[in-house]
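Before any comments, here is the structure.
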Amino acid sequence: MRITVADCLRRASELESISDSARLDVELLLGHVLEKNRTWLFTWPEKLVAEDAHSTFLTLLKRRVQGEPIAHILGEREFWSLPLYVDSSTLIPRPDTEALVETAIALTTSPDNILDLGTGTGAIALALASEFPNANVVAVDKSPQAVALAQRNLQRLQFNHVTILESDWFAALKKQRFDVIVSNPPYIDEHDPHLAQGDVRFEPVSALIAGEAGLADIRFIIESAQKHLSLGGVLLLEHGWRQAQAVQRLFEQNGYTKIETRKDIGGNDRVTLGWKPQ
Ligand code: GLN
Numbered sequence: 002m003r004i005t006v007a008d009c010l011r012r013a014s015e016l017e018s019i020s021d022s023a024r025l026d027v028e029l030l031l032g033h034v035l036e037k038n039r040t041w042l043f044t045w046p047e048k049l050v051a052e053d054a055h056s057t058f059l060t061l062l063k064r065r066v067q068g069e070p071i072a073h074i075l076g077e078r079e080f081w082s083l084p085l086y087v088d089s090s091t092l093i094p095r096p097d098t099e100a101l102v103e104t105a106i107a108l109t110t111s112p113d114n115i116l117d118l119g120t121g122t123g124a125i126a127l128a129l130a131s132e133f134p135n136a137n138v139v140a141v142d143k144s145p146q147a148v149a150l151a152q153r154n155l156q157r158l159q160f161n162h163v164t165i166l167e168s169d170w171f172a173a174l175k176k177q178r179f180d181v182i183v184s185n186p187p188y189i190d191e192h193d194p195h196l197a198q199g200d201v202r203f204e205p206v207s208a209l210i211a212g213e214a215g216l217a218d219i220r221f222i223i224e225s226a227q228k229h230l231s232l233g234g235v236l237l238l239e240h241g242w243r244q245a246q247a248v249q250r251l252f253e254q255n256g257y258t259k260i261e262t263r264k265d266i267g268g269n270d271r272v273t274l275g276w277k278p279q
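Residue numbers (the numbering used here): 2 to 279.
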């Protein structure tokens, strides 16, 4: 049987019921198998695909049809233009979270030290490390598997100003203080119907769900960060698109100033921040 690149890409139709990005998904799967980028696929639709490559492609396609996230199948996801290894022990980095990185960069000039709480793949910490080569960046996660994954990503990127530690939020940090603290904590309510759809079904509950209608970890971080921020330091948190008001209130109740909320690329409220007074 003579199978071409175009034949493989037509299989996108099989993904349409489970994915909003069926065509892109198929391109990424085929590109992964053939070790070619998407431009190559568009340029050579008539190229023949060898039998073993085709059968590997069909195996990956089947996993995707069953709902497995593309990032898990490929074992990688790009975030802030950095290639990151991904596995099922952490959240998959999302474009929404780039709003957190953008805001941190826009608001600070040359922080001496940055802390990322619940780093997962290390995405936020590594993105900030790429932008602030002179900062000392600390990233923590309570999951040993997440710490190991973040370490692999750090080794791949070869930044020598990042430290990754196993820590339940601030627990392992003692009295250390930071100019910038960032986090994308769990913030989804356990009854949210969104949890039964798409990629989140394959992500760890511990990275997604929080008590108090999703606000428990956010509340804990806002309360505890005061003790770990430098004077004039800033705390930036990602949250759900309908949580901005509640999160702003928590910042107010805990003595932060110049509190504001920023939107993600989808136009939803996504990041709220506050400063520790000088
Ligand atoms: N933004 C993610 C989602 O809604 C959840 C991320 C999180 O809980 N930190 O799928």
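Just so it is clear, CB atoms sit at the ideal spot from N, CA and C, and this is done for glycine as well.
My output table needs one value for residue i: the three-state DSSP class, helix, strand or coil.
i	result
residue 24	helix
residue 262	strand
residue 3	coil
residue 119	coil
residue 184	strand
residue 201	helix
residue 153	helix
residue 92	coil
residue 140	strand
residue 167	strand
residue 84	strand
residue 104	helix
residue 98	helix
residue 270	strand
May I ask whether a heavy atom of the ligand PLP can be found less than 7 Å away from the beta carbon of residue i?
i	result
residue 73	The ligand PLP is absent from the structure shown, which contains only the ligand GLN.
Got a sec: does the ligand GLN put a non-hydrogen atom nearer than 7 Å to the Cβ of residue i?
i	result
residue 101	no
residue 85	no
residue 238	no
residue 183	no
residue 95	yes
residue 192	no
residue 272	no
residue 70	no
residue 201	yes
residue 187	yes
residue 209	yes
residue 118	no
residue 216	no
residue 33	no
residue 280	For residue 280 there is no data in the structure shown, the boundaries of the chain being 2 and 279.
residue 229	no
residue 195	yes
Which whole-angstrom value describes the C-beta separation of residue i and residue j, a residue pair presumed to lie in contact below a C-beta threshold of 8 Å?
i	j	result
residue 163	residue 201	So it is not a contact: roughly 27 Å between Cβ atoms.
residue 30	residue 61	5 Å
residue 69	residue 203	6 Å
residue 125	residue 102	6 Å
residue 221	residue 170	7 Å
residue 207	residue 194	With 8 Å as the limit, residue 207 and residue 194 do not qualify as a contact, their Cβ atoms being about 20 Å apart.
residue 181	residue 278	Not really, about 16 Å apart at Cβ, beyond 8 Å.
residue 224	residue 255	6 Å
residue 158	residue 127	6 Å
Given a cut-off of 8 Å on the beta-carbon distance, is the pair residue i and residue j in contact?
i	j	result
residue 4	residue 49	yes
residue 178	residue 230	yes
residue 218	residue 226	no
residue 100	residue 117	no
residue 87	residue 77	yes
residue 154	residue 122	yes
residue 105	residue 83	no
residue 190	residue 173	no
residue 209	residue 237	no
residue 97	residue 119	no
residue 91	residue 42	no
residue 7	residue 47	yes
residue 263	residue 242	no
residue 59	residue 33	no
residue 249	residue 260	yes
Does residue i come within less than 8 Å of chain C when only Cβ atoms are used?
i	result
residue 236	Protein chains in the displayed structure number just one, and chain C is not present.
Quick check on the DSSP output: what are the complete alpha helix (DSSP H) runs of length 4 or more inside the region 12-80, in order along the chain? List check, alpha helix (DSSP H) in window: 23-35, 39-44, 52-66 and 71-75.
Start-end ranges of the beta strand (DSSP E) lying completely within the region 208-266, minimum 3 residues: Every beta strand (DSSP E) stretch that sits fully inside the region 208-266 and reaches 3 residues is listed by chain position as 230-239 and 258-264.
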